[in-house]
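*Asks:* Please find one structure pasted underneath; my questions will follow.
There are 2 protein chains.
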Amino acid sequence: MYIEKLQLSNFRNYENQFYEFSEGLNCIVGKNGSGKTNLLDAIYFLSLCKSSIHSQDALSIKFDKDFAQIEGRFGKELITCSMQRGGKKSFFYDKVPYEKLSEHIGKYPVVLIAPDDTDLIRDGSETRRKLFDGILSQIDGEYLKLYLSYNKSLDQRNSLLKQFAEHNYFDEDLVRIYSDQLLVTGKKIFDLRKNFVSQFLPLFKKHYDDLSDNREVVEIIYNSECSEENFEAIFLKSIANDLAAQRTTKGIHKDDYEFWMEGKPVKKFGSQGQRKSFIMAIRMAQFDILTQIKGFKPILLLDDIFDKLDEKRIK
Amino acid sequence: MYIEKLQLSNFRNYENQFYEFSEGLNCIVGKNGSGKTNLLDAIYFLSLCKSSIHSQDALSIKFDKDFAQIEGRFGKELITCSMQRGGKKSFFYDKVPYEKLSEHIGKYPVVLIAPDDTDLIRDGSETRRKLFDGILSQIDGEYLKLYLSYNKSLDQRNSLLKQFAEHNYFDEDLVRIYSDQLLVTGKKIFDLRKNFVSQFLPLFKKHYDDLSDNREVVEIIYNSECSEENFEAIFLKSIANDLAAQRTTKGIHKDDYEFWMEGKPVKKFGSQGQRKSFIMAIRMAQFDILTQIKGFKPILLLDDIFDKLDEKRIK
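Going down the list, the protein sequences come from chains A and B.
Numbers given in the working numbering equal positions in the first sequence, counted from 1, plus 28.
Numbers given in the working numbering equal positions in the second sequence, counted from 1, plus 28.
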C-alpha cells in the first residue's frame with residue numbers, strides 16, 4: 029500500500045497542487061518555507077484525520093480561503109478530506125462519507141518522524157499518552173472506540189463536578205453512573221495499554237541497541253494508578269478530592285509512560301544525542317509493530333531526518 | 029578575552045577533568061552521552077551563574093556526589109563556582125567570594141546556540157522574556173539590579189494578596205507600598221527594554237536577510253501593557269482582579285516579544301527552516317550587540333550547530 033496521487037486545494041500554503049509518488053522512497057526538496065512539512069502533514073492528515081502540527085483544523089485552511097481539500101489515491105481507493113472554515117471536516121471513501129472518523133483511522137497507517145519529537149521526552153505525560161494512544165488507535169479500532177467513550181464519560185463527569193461546585197449541591201448517585209462507566213472502560217484501556225507496552229518494548233530495545241552499539245540500557249515503564257490492586261476502591265474514595273478539584277483526579281487519563289536510561293530518567297539525565305536515539309528507536313519500533321499487525325508496511329514520513337542522528341548513525 | 033583553562037569536579041557526568049582551550053575556534057568531539065553539552069554548559073554556568081539546561085542547581089552535581097566545582101581561567105583571572113547539595117552555590121573571583129552573583133554576571137559574556145532554541149518560538153511569553161532579560165542582564169548591571177528588585181517586590185505583593193485571600197482581610201495601604209515599588213521599577217525596566225529592542229532590531233533584521241537572501245520580512249514587536257499612556261491608573265484599578273487571582277495581573281512581568289514574519293506570527297505560520305533562521309538571526313544579533321557594548325567578543329558556544337541550518341546556509 030502506498031499513496032500514488034495527492035491533490036491539495038487551499039491546504040496551508042498550497043492553492044492547487046497535484047503530486048504523484050512512486051512506490052518505495054520519495055524525496056521532497058525545496059527552500060525553507062516552500063511547504064515540505066505541509067506536504068507531509070497532508071498525508072498524515074489523510075491517514076489520522078488530523079494535523080500533526082496544528083490542533084485547530086482552521087489553521088490547515090489557506091489563510092485567505094474558507095475551504096480546503098486533501099485528496100489521496102491509494103491504489104484503487106480514493107480518500108477525500110474536506111474542511112470548511114467554522115464548520116466540520118468530512119472524510120470520504122470513494123466519495124462516500126464516513127459516519128465516524130474512527131472508521132477511517134488505521135486503514136492507511138503512517139509513522140511520522142519530525143524534529144519536534146524530543147517533546148516526547150521533555151513534555152508532561154499527556155504528550156506520551158498521545159503518542160501511544162495514537163499508535164494503539166491505528167492498530168486496534170476497538171481501542172479507539174474505548175478511548176473515545178472513556179473521554180466522553182470523563183468530560184461528562186467533570187462537567188457534573190463543576191456544576192455541583194457552582195451550585196453547592198451534590199448527588200452521589202448521579203456521579204456514580206459516570207464513575208462506573210470510567211471504571212469499566214478504564215480497566216479495558218489499562219489492559220490493552222499494558223499488553224501493548226510488553227509487545228512494544230522488545231522491538232524498541234532492539235532498535236536502541238542497534239543505534240547505540242549496546243551502549244546504554246533503556247526502559248519504558250508503563251505507570252498507571254489502575255495497576256493498584258484495589259484501584260476501584262481508591263477511585264471511589266477520591267470523590268471528595270474530585271469535588272474540590274472539579275475534575276476526576278484518578279484514572280487512566282493520568283497514566284504515564286516513563287522513559288529510563290541506565291536506571292535514570294532520560295528527561296533529566298539523557299544527553300541530546302541519547303534523546304534523539306531514544307526517540308528514533310521508538311519510531312522504528314512503531315513502524316515494526318504496525319507492519320507486524322497490519323501485515324503491510326505503513327507510510328513512513330521523514331521530516332528533516334538528518335537533524336536527528338549523527339553521521340555514523342545515519343549510515 | 030577567552031577561556032584558557034577549565035577544571036571540572038563532580039560536575040554532571042565529569043568526575044575530575046581538565047581542559048585547555050586555544051584562542052579562536054575550539055571543536056569538541058565525542059560520542060553521544062559523553063558530555064559535550066555538559067562541557068559547554070559548564071562555561072555557560074561560569075558566566076551566567078546558572079545552567080542553561082537545569083533550573084535546579086542540584087542536578088548539576090554528579091548524581092552520587094554532594095559537591096561540585098567549576099573553575100575557569102580567563103587570562104590572569106580565575107573564576108570558581110562551588111556547589112553543595114542542599115546548600116547555596118558560591119562564586120569566587122581570584123579566590124575572593126562575590127557578595128552577590130549579580131556583580132559577576134556580564135563580566136564574561138556568552139552566547140549559546142542550542143538545539144532546544146526553537147522553544148523561543150513555541151513556548152509562552154516567559155521563555156522570550158527570559159531570553160531578552162538574559163541579554164540585557166549581561167549588558168547592563170543596572171538592568172539586572174532593577175530586574176531582581178522588581179521580582180522581589182512582585183513576590184512580596186503576591187504573597188500579601190494570597191494572605192489577604194486566606195484570612196478574608198484587606199489592607200489597601202499595605203498593598204499600595206508594593207504597588208508603588210512595582211510602578212517605579214517597572215517603568216524603568218520598560219524604558220530599558222523598549223530602548224534595547226530598538227537597538228537590537230536592525231542587527232537582527234540584517235542577519236535574517238543574510239540568512240534568507242531577503243526572502244521574508246521579519247519583525248520583533250515588544251508588547252507591554254506599560255506602553256499604555258494611563259498604565260499607572262490601569263494598574264491601580266486592577267486591585268480587585270489581583271485579589272481574586274491572588275497575584276499581580278498587570279505589569280512588565282507580563283510583557284511579550286512577538287515574533288512576526290510576513291505580517292503573521294512565526295509561531296503559527298513559520299516553517300521549520302524559517303524558525304531556525306529566525307532563531308539563528310537572534311543569536312547572531314545577540315553576539316553583535318554584546319560585542320558592540322562590551323568592546324570585545326563574547327564566548328560563542330555552538331551546540332550541535334549543524335542541526336540548525338541547511339547546507340547552503342551553513343556556508
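Beta carbons: idealized from backbone N, C-alpha and C, even for Gly.
Does the region 178 to 188 of chain B come into contact with the region 200 to 216 of chain B, if we say contact requires no fewer than three beta-carbon pairs (one atom in each stretch) closer than 8 Å?
*Replies:* With a cut-off of 8 Å, the region 200 to 216 of chain B and the region 178 to 188 of chain B count as touching, because enough Cβ pairs lie within range.
*Asks:* Within 7 Å (strictly less), CB to CB, does P137(A) reach chain B?
*Replies:* No, P137(A) does not count as interfacial toward chain B.
*Asks:* Does the beta-carbon distance from Y42(A) to L36(A) come in below 7 Å?
*Replies:* Yes.
*Asks:* Got a sec: is the Cβ-Cβ distance from S299(B) to anything in chain A below 7 Å?
*Replies:* Answer yes: the Cβ-Cβ gap between S299(B) and chain A drops below 7 Å somewhere.
*Asks:* State yes or no: is the beta carbon of P125(A) nearer than 7 Å to at least one beta carbon in chain B?
*Replies:* Output row for P125(A): interface = no.
*Asks:* What does K296(A) touch in chain B if you count any residue whose Cβ is under 7 Å from its own?
*Replies:* By Cβ distance, chain B contributes L87.
*Asks:* Short of 7 Å Cβ to Cβ, which residues in the region 179 to 213 of chain B face chain A?
*Replies:* Residues passing the 7 Å Cβ filter: none.
*Asks:* Among Y47(B), A268(B), K292(B) and M308(B), which one has its Cα closest to the Cα of E200(B)?
*Replies:* Out of Y47(B), A268(B), K292(B) and M308(B), A268(B) has the C-alpha closest to the C-alpha of E200(B).
*Asks:* Along the beta strand (DSSP E) that carries M111(B), what are the first and last residues, could you check?
*Replies:* Per DSSP, M111(B) belongs to the beta strand (DSSP E) from E105 to Q112.
*Asks:* State yes or no: is the beta carbon of P293(B) nearer than 7 Å to at least one beta carbon in chain A?
*Replies:* No, no contact with chain A.
*Asks:* Give the residues from the region 47 to 72 of chain A that approach chain B closer than 9 Å (Cβ to any Cβ), ordered along the chain.
*Replies:* Listed by position along the chain: K59, N60, G61, S62, G63, K64, T65 and N66.
*Asks:* Does chain B have any CB closer than 7 Å to the CB of Q84(A)?
*Replies:* Taking Cβ atoms only, chain B never reaches closer than 7 Å to Q84(A), which makes this a no.
*Asks:* Would you mind working out which of K135(A), L87(A), N38(A) and D145(A) sits nearest I98(A), comparing C-alpha positions?
*Replies:* That would be N38(A), whose Cα lies nearest to the Cα of I98(A).
*Asks:* Could you tell me which of D85(A), C109(A) and I310(A) sits nearest to A142(A), measuring between CA atoms?
*Replies:* Among D85(A), C109(A) and I310(A), the Cα nearest to that of A142(A) is on I310(A).
*Asks:* Counting pairs of Cβ atoms below 8 Å between the region 211 to 231 of chain B and the region 165 to 178 of chain B, do you hit three or more?
*Replies:* The region 211 to 231 of chain B vs the region 165 to 178 of chain B: in contact.
*Asks:* Applying the 10 Å Cβ sphere with the 16-neighbour rule, what's the burial state of L202(A)?
*Replies:* The residue is exposed, with fewer than 16 neighbouring Cβ atoms inside 10 Å.
*Asks:* With 16 other CB atoms within 10 Å as the buried threshold, where does P326(A) fall?
*Replies:* The residue in question, P326(A), is buried, as its Cβ has 16 or more Cβ neighbours within 10 Å.
*Asks:* Is it a yes or a no for the region 151 to 159 of chain B touching the region 276 to 288 of chain B, going by three-plus beta-carbon pairs under 8 Å?
*Replies:* Touching, yes, given that three or more Cβ pairs across the two stretches are closer than 8 Å.
*Asks:* For my contact list, F287(B) and I149(B) are in at a C-beta cut-off of 8 Å; report their separation, rounded to the angstrom.
*Replies:* With a Cβ gap of about 6 Å, F287(B) and I149(B) count as contacting.
*Asks:* Got a sec: is the Cβ-Cβ distance from Q45(B) to anything in chain A below 7 Å?
*Replies:* No, Q45(B) lies away from the interface with chain A (no Cβ there is under 7 Å from its Cβ).
*Asks:* Should the region 106 to 122 of chain B be called in touch with the region 296 to 310 of chain B, which here means at least 3 C-beta pairs below 8 Å?
*Replies:* Verdict: no, contact absent.
*Asks:* Using a Cβ cut-off of 7 Å (strictly closer), state whether Q302(B) contacts chain A.
*Replies:* Output row for Q302(B): interface = yes.
*Asks:* Please name the residue or residues paired with Y425(B) in a DSSP beta bridge.
*Replies:* With chain B represented from 29 up to 343, any question about residue 425(B) goes unanswered, as that position is not in the structure.
*Asks:* Along the region 298 to 332 of chain A, where does the CB come closer than 7 Å to a CB of chain B? Name the residues.
*Replies:* Listed by position along the chain: S299, Q300, G301, Q302, S305 and D332.
*Asks:* Under the three-state reduction of DSSP, which class applies to Q227(B): helix, strand or coil?
*Replies:* In the structure shown, Q227(B) sits in a helix (DSSP, three-state: H, G or I).
*Asks:* Taking 8 Å as the threshold, find out whether the region 76 to 90 of chain A comes into contact with the region 105 to 115 of chain A through three or more Cβ pairs.
*Replies:* Enough Cβ pairs lie closer than 8 Å, so yes.
*Asks:* Should the region 236 to 243 of chain A be called in touch with the region 251 to 262 of chain A, which here means at least 3 C-beta pairs below 8 Å?
*Replies:* No, they do not touch.
*Asks:* Distance check for K278(A) and G134(B), CA to CA, integer angstroms please.
*Replies:* Cα-Cα distance, rounded: 48 Å.
*Asks:* Indicate the three-state DSSP secondary structure (helix, strand or coil) for R243(B) in the structure shown.
*Replies:* Three-state result, R243(B): coil.
*Asks:* Taking its Cβ as the centre, do 16 or more other Cβ atoms sit within 10 Å of L76(B), making it buried, or is it exposed?
*Replies:* It is buried - the Cβ of L76(B) has at least 16 other Cβ atoms within 10 Å.
*Asks:* Under three-state DSSP, which class holds G100(B)?
*Replies:* Strand at G100(B).
*Asks:* Return helix, strand or coil for F46(B), following the three-state DSSP convention.
*Replies:* Strand at F46(B).
*Asks:* Decide if N66(A) is buried, meaning its Cβ has at least 16 other Cβ atoms within 10 Å, or exposed.
*Replies:* Buried: at least 16 other Cβ atoms inside 10 Å.
*Asks:* Report the neighbours of E244(B) on chain A: residues whose CB is nearer than 8 Å to its CB, in chain order.
*Replies:* Here the neighbours are G61.
*Asks:* Assuming S252(B) is part of the beta strand (DSSP E), what are its boundary residues?
*Replies:* Neither: S252(B) is in no beta strand (DSSP E) and is coded neither H nor E.
*Asks:* Can a CB atom of chain B be found closer than 7 Å to the CB of P143(A)?
*Replies:* Chain B, which has a Cβ nearer than 7 Å to the Cβ of P143(A), makes this yes.
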